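For the record, in the sequence shown the residue sitting at position 309 is 752 according to this note's numbering, with numbers rising by one throughout. Scroll down for the structure; my scribbles are underneath it.
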Amino acid sequence: MQATNLETLVTIQYNFDQPTNRAQTRSSKWEKYPPGTIPLWVADMDFEVSPTIRQALADRVAHGIFGYTKPDLEWAKAVTDYYQTTHNWTIKPEWIVWVPGVVTSMNLACRAWSQDHNKVLTPEVIYPHFHSAPTNNNKQCLFMPMTYAQGRLRVDINSLPAKPHQDAKLMLFCNPQNPGGCVYTAEELQAIDAYCQQHELILVSDEIHADLILDADKKHIPYGSISEYALNNSMVLGAASKTYNLAGLACSWAVIANDELRSSFQKAMHGIVPEINPLGYIGTVTALQTERDWQQQLLQYLRGNRDYLAQEFDAIEGMNMLPLEATFLAWIDVSELGLENPPAFFEAAGVGMSPGAGFNDANFMRLNFGCQRAVLQEAIARIKQALANR
Numbered sequence: 444m445q446a447t448n449l450e451t452l453v454t455i456q457y458n459f460d461q462p463t464n465r466a467q468t469r470s471s472k473w474e475k476y477p478p479g480t481i482p483l484w485v486a487d488m489d490f491e492v493s494p495t496i497r498q499a500l501a502d503r504v505a506h507g508i509f510g511y512t513k514p515d516l517e518w519a520k521a522v523t524d525y526y527q528t529t530h531n532w533t534i535k536p537e538w539i540v541w542v543p544g545v546v547t548s549m550n551l552a553c554r555a556w557s558q559d560h561n562k563v564l565t566p567e568v569i570y571p572h573f574h575s576a577p578t579n580n581n582k583q584c585l586f587m588p589m590t591y592a593q594g595r596l597r598v599d600i601n602s603l604p605a606k607p608h609q610d611a612k613l614m615l616f617c618n619p620q621n622p623g624g625c626v627y628t629a630e631e632l633q634a635i636d637a638y639c640q641q642h643e644l645i646l647v648s649d650e651i652h653a654d655l656i657l658d659a660d661k662k663h664i665p666y667g668s669i670s671e672y673a674l675n676n677s678m679v680l681g682a683a684s685k686t687y688n689l690a691g692l693a694c695s696w697a698v699i700a701n702d703e704l705r706s707s708f709q710k711a712m713h714g715i716v717p718e719i720n721p722l723g724y725i726g727t728v729t730a731l732q733t734e735r736d737w738q739q740q741l742l743q744y745l746r747g748n749r750d751y752l753a754q755e756f757d758a759i760e761g762m763n764m765l766p767l768e769a770t771f772l773a774w775i776d777v778s779e780l781g782l783e784n785p786p787a788f789f790e791a792a793g794v795g796m797s798p799g800a801g802f803n804d805a806n807f808m809r810l811n812f813g814c815q816r817a818v819l820q821e822a823i824a825r826i827k828q829a830l831a832n833r
């Protein structure tokens, strides 16, 4: 009998427990609070970028010249291949518009597609830029009510404004939801799409956490894949920045299938939005093309962090962590603690979290657990001690 040659695939094991000192790097995350405070606020992980991405960046740095950089068609194809392989969505390279960040894209959408309306639909409880983008562009926020039913913070589809088309043309949407980590189901997205069709709305979908799904039975669905109307009346935003910890390189993309919408969006960019730097492109494309193993191991580590926090907060009277389907951002109800100023209380304990008031729900605090497990253990110990001493 002929012998069979078996190829053994060796996967590098990454050590997410290994800390890296970020002091004196001008880190926005680490320089917000006094020394000694554990910063668990902004969505910036404390894990080193993968060796493959670092090497690609080092190779580009070795060239020594960093002039204006024109997007390559192959880079757009890296995005289309990513959507096809990861999310089973077929799109075209010419639909890709490169933008320094998703927040920039939301502001541009308000500028380009909402000129004749004075309001923009946006989730009532959401990360702060969803509320500032309309006001930055002289619009009012038309809040979409939220629900916490089944422990999932999401838009309450059954309570949406009855006639938004009189005041609004644009809807801002976030999937997975930040904060709360809800992954919208196909049925929920179809209901949103039906609402948009009924009122002839354009939807901007921030999907920057699409590859940070923690629940094995959940799946991210790009909004543009829901229907032909959704495809032609939406902009899907993505980036490698959250999943691969590349936020400082300022590179994201917008998928805009509609030629007219894409043209007006690009026109709004002219003279305002800077070109993306070459390292941003290299880091992003390398991540999309090569880093599946790193991402899968990251997810496993983040699941462990989530489960650790859920267990710990479940044992702390007065603190209730919402079940989390995606992201590395825990949403914690602290209302039962009866604190006069929750952010100040936790900061005095040496733990810096994002105040829920900034997301439009002051009952909560948001905690970034994209860090070493030992850091979370110390943070929990500090919180317990502070609560015991009050």
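Cβ atoms here follow ideal geometry from the backbone N, Cα and C, with glycine treated the same way. Predicted model, so just to flag it, every value in this text is computed and none were measured.
My assumption, with CB atoms under 8 Å, is that Trp774 sits in contact with Pro622. Please give the rounded CB distance.
The beta carbons of Trp774 and Pro622 sit about 4 Å from each other, so the pair counts as a contact at 8 Å.
Output the distance between the C-alpha atoms of Asn550 and Ile669, rounded to the nearest integer angstrom.
Distance between the alpha carbons of Asn550 and Ile669 is about 24 Å.
Boundaries (first-last residue) of the alpha helix (DSSP H) holding Leu603
Per DSSP, Leu603 belongs to no alpha helix (DSSP H) and is neither H nor E.
In whole angstroms, what separates the C-alpha of Ala700 from that of Lys535?
Near 8 Å, if we compare the C-alpha coordinates of Lys535 and Ala700.
Note the first and the last residue of the continuous beta strand (DSSP E) segment covering Trp774.
Taken as a continuous stretch (DSSP letters only), the beta strand (DSSP E) holding Trp774 covers 772 to 776.
Reference Ala605, options His572, Leu564, Leu632, closest by Cα:
For Ala605, the nearest C-alpha among the options comes from Leu564.
Report the residue ranges of all alpha helix (DSSP H) runs contained in full by the stretch 481 to 558; include only those spanning at least 4 residues, in chain order.
Within the stretch 481 to 558, the complete alpha helix (DSSP H) runs of at least 4 residues are 494 to 506, 516 to 530, 545 to 556.
Checking the sheet assignment: what are the DSSP bridge partners for Gly795?
As DSSP reads the structure, Gly795 sits in a beta bridge with Pro482.
C-alpha distance - Ala446 paired with Asp750, whole-angstrom precision:
In this prediction, Ala446 has a pLDDT of 36, which is less than 50 and means its spatial position is unreliable; what the coordinates show is noted afterwards. As the crow flies, the alpha-carbon of Ala446 is around 45 Å from that of Asp750.
Buried versus exposed call for Thr463 [16 or more other C-beta atoms within 10 Å across all chains shown]
Per the 10 Å Cβ criterion, exposed.
Would you kindly check if the distance between the Cβ of Asn748 and the Cβ of Val492 is under 8 Å?
No Cβ-Cβ contact shorter than 8 Å links Val492 with Asn748.
Can you give me the start and stop residues for the alpha helix (DSSP H) that Leu632 sits inside?
Its alpha helix (DSSP H) spans residues 629 to 642.
Skipping 5 residues on each side, what residues in its chain have a beta carbon closer than 6 Å to that of Ile823?
Result list for Ile823: Glu755, in chain order.
Among Tyr744, Pro766, Arg746, Gly781, nearest to Glu760 - alpha-carbon criterion:
The residue with the shortest Cα to Cα distance from Glu760 is Gly781.
Would DSSP call Phe586 helix, strand or coil?
In the structure shown, Phe586 sits in a strand (DSSP, three-state: E or B).
Beta carbon of Ser707, beta carbon of Ala555: below 8 Å?
A contact, by the Cβ cut-off of 8 Å.
How many Å lie between Ser797 and Ser677 at the Cα?
Near 30 Å, if we compare the C-alpha coordinates of Ser677 and Ser797.
Could you tell me the boundaries of the alpha helix (DSSP H) in which Thr565 lies?
Run containing Thr565: none in the alpha helix (DSSP H); it sits in the beta strand (DSSP E), 562 to 566.
Can you tell me which of the three DSSP states Ala693 falls into?
If DSSP states are grouped into helix, strand and coil, Ala693 belongs with coil.
Buried or exposed by the 16-neighbour rule on C-beta atoms within 10 Å, applied to Tyr511
Its Cβ having fewer than 16 others within 10 Å, Tyr511 is exposed.
Using three-state DSSP, classify Phe812 as helix, strand or coil.
Coil at Phe812, not helix or strand.
Where Gly472 and Gly723 are concerned, what is the direct C-alpha to C-alpha distance, given to the nearest angstrom?
The residue you asked about is not Gly; residue 472 is Lys in the sequence shown. If you draw a straight line from the Cα of Lys472 to the Cα of Gly723, it is about 20 Å long.
Stretch-stretch touch, CB-based, cutoff 8 Å, three pairs: the stretch 520 to 536 with the stretch 762 to 773
The answer is no - the stretch 762 to 773 does not touch the stretch 520 to 536, with fewer than three Cβ pairs under 8 Å.
Bounding residues of the beta strand (DSSP E) (the contiguous stretch that carries Ser648):
That run of the beta strand (DSSP E) goes 645 to 649.
Cα-Cα separation, Ile826 to Leu500:
If you draw a straight line from the Cα of Ile826 to the Cα of Leu500, it is about 39 Å long.
Selected residue, minimal CA-CA separation from Ile651, among Gly544, Val485, Asn601, Gln740
Nearest neighbour of Ile651 by Cα position, chosen from Gly544, Val485, Asn601, Gln740, turns out to be Gly544.
Strand pairing of Ser677, partner residues [DSSP]
In the DSSP assignment, Ser677 is bridged to Leu646.
Excluding the five sequence neighbours on either side, which residues of its own chain have a C-beta within less than 7 Å of the C-beta of Pro482, listed in chain order?
Here the set comprises Lys472, Trp473, Lys475, Tyr476, Gly795.
Where do the N-terminal and C-terminal ends of the beta strand (DSSP E) with Lys612 fall, by residue?
Looking at the DSSP string, the run of the beta strand (DSSP E) that includes Lys612 is 611 to 617.
Sequence-distant residues of its chain with Cβ nearer than 8 Å to Val453 (five each side left out)
Note that Val453 has pLDDT 49, beneath the 50 cutoff, so the model's placement of it is unreliable and the number below is only indicative. The answer is none, since no qualifying residue turns up.
Name the residue from His574, Trp541, Glu567, Asn581 whose alpha carbon lies nearest to the alpha carbon of Ser557.
Per the Cα distances, Asn581.
Inter-residue Cα distance where the pair is Ala792 and Asn561
If you draw a straight line from the Cα of Ala792 to the Cα of Asn561, it is about 43 Å long.
At which residues does the alpha helix (DSSP H) containing Ala805 begin and terminate?
Following the DSSP letters along the chain, one finds Ala805 in no alpha helix (DSSP H), marked with neither H nor E.
With a threshold of 16 other CB atoms inside 10 Å of the CB of Asn803, please say whether the residue is buried or exposed.
Burial call: buried.
Does Thr727 pass the burial test, meaning 16 or more other C-beta atoms within 10 Å, or should it be called exposed?
Label assigned to Thr727: buried.
DSSP beta-bridge partners for Ile699?
When DSSP reads this structure, Ile699 sits in no beta bridge, so it has no partner.
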